[in-house]
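Read through the structure below, which is laid out as structure tokens, and then see the notes.
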Amino acid sequence: MGTPYLSVIFPVKNLFQEIGGVLRSVIGQAGDVPMEFLIVDMGSQDKTVWESFRLLKELSVPGSVIQSGEGTVARALNAAMAKASGQYVTFIFARRLYQDFLLPYCDAAQKTGADIIFGTAGVPFGEEWEPLPGLSCLAGILEERLLVDISAILLRRDFLERARLYFSEGCEYGYSVEFLLKCFCAAESAIRSPVVLKRNTAYELHRGSQKPAGASCFQRVMACERVLDFVENRHPEERRILALLQERCLPQAVLWCVDLLLREGTRYQAVQDMLKASGCKKYLKAGRATPWEMKKRIRLWQTMPWLYRPQKA
Numbered sequence: 230m231g232t233p234y235l236s237v238i239f240p241v242k243n244l245f246q247e248i249g250g251v252l253r254s255v256i257g258q259a260g261d262v263p264m265e266f267l268i269v270d271m272g273s274q275d276k277t278v279w280e281s282f283r284l285l286k287e288l289s290v291p292g293s294v295i296q297s298g299e300g301t302v303a304r305a306l307n308a309a310m311a312k313a314s315g316q317y318v319t320f321i322f323a324r325r326l327y328q329d330f331l332l333p334y335c336d337a338a339q340k341t342g343a344d345i346i347f348g349t350a351g352v353p354f355g356e357e358w359e360p361l362p363g364l365s366c367l368a369g370i371l372e373e374r375l376l377v378d379i380s381a382i383l384l385r386r387d388f389l390e391r392a393r394l395y396f397s398e399g400c401e402y403g404y405s406v407e408f409l410l411k412c413f414c415a416a417e418s419a420i421r422s423p424v425v426l427k428r429n430t431a432y433e434l435h436r437g438s439q440k441p442a443g444a445s446c447f448q449r450v451m452a453c454e455r456v457l458d459f460v461e462n463r464h465p466e467e468r469r470i471l472a473l474l475q476e477r478c479l480p481q482a483v484l485w486c487v488d489l490l491l492r493e494g495t496r497y498q499a500v501q502d503m504l505k506a507s508g509c510k511k512y513l514k515a516g517r518a519t520p521w522e523m524k525k526r527i528r529l530w531q532t533m534p535w536l537y538r539p540q541k542a
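Add 229 to a position in the sequence shown, counting from 1, and you land on the number used in my numbering.
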């Protein structure tokens, strides 16, 4: 058996009923691309591990099942990346699946050798691949002109190793955004595939809401802080990107926490106290890079929080 071209990393927990459909859908869209599956179990209490082994054998797909135990998804993803042997890696998440993107992504990767292959939702922008600098993509993501999803991306493995890019293992909220932003910051080349991203809802995991986040949600703000430090260390001359992180990304993350806590039923004063105790209150500042709507939300929360209404998830 030769070296796989693509390593598919799939974190799982109690997916005995759903894992078969997910694996078959991924295999079906990859065509004849040599691949391996790295299924990372995070302490399943059902037959997920047994079913994973059975499916890999039944579907005749190279791969392994890694038991990372209880812990964060970030820890599970790092465990799988350490064992990946493909030229490129991609991530599959049961709650957010996309269809028909792997084959065109791999085609672009084979012809360009780019550090990152990605697509965005909406209409196709053209028929040819468009090479872009990583920093240009990073600015587009921060300005929300490029809507990139970690569930639909290819990353060259030796690029990740050379740049020492990995997930923050103790982080439950914001770990994927932090990882993606760091990847685009470090990338020399990124290819935006013209493929139109479409959700594969037939095989997605549909379950009830997860446990309340509480104060853990502020990890998302700390993830943005780490991205800011990363960019400052590597590209201190990129004042526009640094302004976007300070005046858009960070206050947006704080408002995300405020909205989440309010939706969970936390009282307004309690949220104010949590912002102060966590040190996140200082990031609720608007600047020239802050969108007008965000400025209004910040002003309302700071002056009349009892009138503030959280945005829908």
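Every residue gets a Cβ at the ideal spot worked out from N, C-alpha and C, and that includes glycine.
Query                                                                                                                                                                        : Result
Can you look up R314 in the DSSP assignment and give me helix, strand or coil?                                                                                               : The sequence given here places Ser at residue 314; Arg does not occur at that position. Of the three classes helix, strand and coil, the one that applies to S314 here is coil, per DSSP.
Buried or exposed for G298, please, with buried defined as at least 16 other CB atoms from any protein chain shown within 10 angstroms of its CB.                            : exposed
Apart from the five residues on each side of it in sequence, which residues of its chain come closer than 8 angstroms, Cβ to Cβ, to S281?                                    : V241, I248, I268, D270 and V294
I think L326 touches V251, with their Cβ atoms under 8 angstroms apart; what is that distance to the nearest whole Å?                                                        : 7 angstroms
Are G363 and F413 closer than 7 angstroms when you measure CB to CB?                                                                                                         : yes
Which one of L367, Q296 and Y395 has the shortest CA to CA distance from A303?                                                                                               : Y395
Could you tell me whether the Cβ atoms of F447 and S507 are closer together than 7 angstroms?                                                                                : yes
Are three or more beta carbon pairs between the segment 448-465 and the segment 414-421 nearer than 8 angstroms?                                                             : yes
Using C-beta distances below 6 angstroms, list every residue in its chain close to G272, excluding the 5 sequence neighbours before and after it, in chain order.            : G298 and E299
Mind listing, in chain order, the continuous alpha helix (DSSP H) runs of no fewer than 4 residues lying wholly within the segment 416-489?                                  : 448-463 and 468-473
Count the other C-beta atoms from every protein chain shown that fall within 10 angstroms of the C-beta of E356, then say buried if there are 16 or more, exposed otherwise. : Any reading at E356 must be qualified, since the residue scores a pLDDT of 47, below 50, and its modelled position is unreliable; the value itself is stated next. Exposed is the call here.
What does the Cβ neighbour count give for G257, buried or exposed, with the cut at 16 atoms within 10 Å?                                                                     : exposed
Decide if G315 is buried, meaning its Cβ has at least 16 other Cβ atoms within 10 Å, or exposed.                                                                             : buried
Over what stretch of residues does the alpha helix (DSSP H) that includes V255 continue unbroken?                                                                            : I248 to Q258
Roughly how many whole angstroms lie between the Cα atoms of Y402 and R449?                                                                                                  : 5 angstroms
CB-CB under 7 angstroms to Q540, same chain, minus the five flanking residues each way: which ones, in chain order?                                                          : D488
Is it true that the CB of V377 sits closer than 7 angstroms to the CB of I321?                                                                                               : no
Would DSSP call S507 helix, strand or coil?                                                                                                                                  : helix
Spatial neighbours of K276 within its chain, please: C-beta separation below 8 angstroms, excluding the five flanking residues on both sides.                                : F245
What are the boundary residues of the beta strand (DSSP E) that R385 is part of?                                                                                             : I382 to R385
Below 8 angstroms CB to CB, which residues in the same chain sit around E476 once its five sequence neighbours on both sides are set aside?                                  : K514, A515, G516, R517, A518 and T519
Could you compute how far the alpha carbon of P353 sits from the alpha carbon of A419?                                                                                       : With a pLDDT of only 47 at P353, under the threshold of 50, the placement of this residue in the model should not be trusted; the figure read from the coordinates follows. Straight-line Cα distance between these residues: approximately 17 angstroms.
Report yes if the CB atom of A313 is closer than 7 angstroms to the CB atom of R386, and no otherwise.                                                                       : yes
Under a Cβ-count criterion, where at least 16 other Cβ atoms within 10 Å of its own Cβ denotes burial, should Q339 be classed as buried or exposed?                          : exposed
Whose C-beta lies closer than 6 angstroms to the C-beta of Y432 among residues of the same chain, with five residues either side of it excluded?                             : G250, V251, S254 and L326
Beta-carbon separation of L434 and A323 under 7 angstroms?                                                                                                                   : yes
Using DSSP bridges, identify the partner residues of L235.                                                                                                                   : M264 and Y317
Buried or exposed: C335, going by 16 or more other Cβ atoms within 10 Å of its Cβ?                                                                                           : buried
For the beta strand (DSSP E) containing I345, name the first residue and the last one.                                                                                       : I345 to T349
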